[in-house]
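**Q** Starting off with a structure, shown below.
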Amino acid sequence: IMDKQQYQNIIQYLANFTYPENCDTFKWKQIQRLSTYYIVKNSQLYKPTKEGLKRVITQEQVE
11 IMDKQQYQNI IQYLANFTYP ENCDTFKWKQ IQRLSTYYIV KNSQLYKPTK EGLKRVITQE
71 QVE
């Protein structure tokens, strides 16, 4: 389960290699580092595992 803002930031970075406008250096590096663990497929965020791709969900999708 991932924070919605972080989810959107990672998708934005992986899709266009751009960062949010209000992004500071710490957040920029965090997004860049986290994005190495995920892929985007059909506008959804997935984490590759040994068992296959696992879809990442946000807190809103759980409730």
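Sequential numbering of the sequence shown, starting at 11, is according to the working numbering.
No residue lacks a Cβ here, since even glycine has one placed at the ideal position from N, Cα and C.
Report the partner residues of K39 according to the DSSP bridge assignment.
**A** To locate residue 39, count along the sequence shown from 1; it is residue 29. In DSSP, K39 forms no bridge with anything.
**Q** Is it buried or exposed for I20, if we count other Cβ within 10 angstroms and need 16 for buried?
**A** Walking along the sequence shown from the start, residue 20 turns up at place 10. So I20 ends up on the buried side.
**Q** Mapping the DSSP letters down to three states, classify K14 as helix, strand or coil.
**A** The residue given as residue 14 occupies position 4 in the sequence shown. Of the three classes helix, strand and coil, the one that applies to K14 here is helix, per DSSP.
**Q** If you draw a straight line from the C-alpha of Y29 to the C-alpha of Y17, how long is it?
**A** The count along the sequence shown starts at 1 and reaches residue 29 at position 19. The count along the sequence shown starts at 1 and reaches residue 17 at position 7. Whole-angstrom Cα-Cα distance: 12 angstroms.
**Q** Mapping DSSP to helix, strand and coil, what is V72?
**A** In the sequence shown, residue 72 corresponds to position 62, counting from 1. Helix at V72.
**Q** Report the start-end ranges of each beta strand (DSSP E) in the segment 47-71 that is 3 residues or longer and not cut off at the edges.
**A** Qualifying beta strand (DSSP E) stretches, in chain order: 49-51, 54-59, 62-65.
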